[in-house]
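J.: The following block contains the structure, expressed as structure tokens.
Residue numbers (this note's numbering): 15 to 105.
Right, here's the structure in full:
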């Protein structure tokens with residue numbers, strides 16, 4: 015059975031987005047008194063959420079592909095067992 019894996023590029027993009035979001039929050043935390051940097055808080059939140067969403071979607075797609083491959087293997091096994099039973103019943 016072929017095991018599907020998520021693309022390393024997509025996983026890295028998701029992780030990088032999350033790290034950028036956390037860095038935006040760290041910048042805002044260090045310069046609380048300066049209102050010019052307050053736009054980084056919602057930007058960081060959006061980046062963090064987008065990175066998490068991308069990783070979640072990649073995981074769901076990979077799980078679905080693995081599930082379909084496993085179902086195909088199980089179906090072939092059952093057909094092979096049914097063929098053996100039919101041959102033994104005919105004898």
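Note that CB positions come from ideal geometry on N, CA and C, so glycine has one too.
1) Compare the beta carbon distance of residue 62 and residue 30 with 8 Å and say whether it is the shorter of the two.
2) Can you tell which of 91, 76 and 98 has the C-alpha that lies nearest to the C-alpha of residue 22?
3) Measuring straight from C-alpha to C-alpha, what distance separates residue 58 and residue 87?
4) So residue 51 packs on residue 60, CB below 8 Å; how close in whole Å?
5) Along the chain, where does the alpha helix (DSSP H) that runs through residue 32 open and close?
6) To the nearest angstrom, how far is it from the Cα of residue 94 to the Cα of residue 70?
T.: According to the structure shown:
1) Start at 1 with the first residue of the chain shown, and residue 62 comes out as number 48. Start at 1 with the first residue of the chain shown, and residue 30 comes out as number 16. Their beta carbons are not under 8 Å apart, which means residue 62 does not touch residue 30 by this criterion.
2) One-based indexing of the chain shown puts residue 22 at position 8. Considering only alpha carbons, the answer is 76.
3) Taking the first residue of the chain shown as position 1, residue 58 is located at position 44. Taking the first residue of the chain shown as position 1, residue 87 is located at position 73. If you take the alpha carbons of residue 58 and residue 87, they lie about 44 Å apart.
4) Taking the first residue of the chain shown as position 1, residue 51 is located at position 37. Taking the first residue of the chain shown as position 1, residue 60 is located at position 46. Not really, about 16 Å apart at Cβ, beyond 8 Å.
5) Counting from one through the chain shown, the residue named residue 32 turns up at place 18. First-last of the alpha helix (DSSP H) with residue 32: 22-44.
6) Within the chain shown, the letter at position 80 stands for residue 94. Within the chain shown, the letter at position 56 stands for residue 70. Approximately 36 Å between the Cα atoms of the pair.
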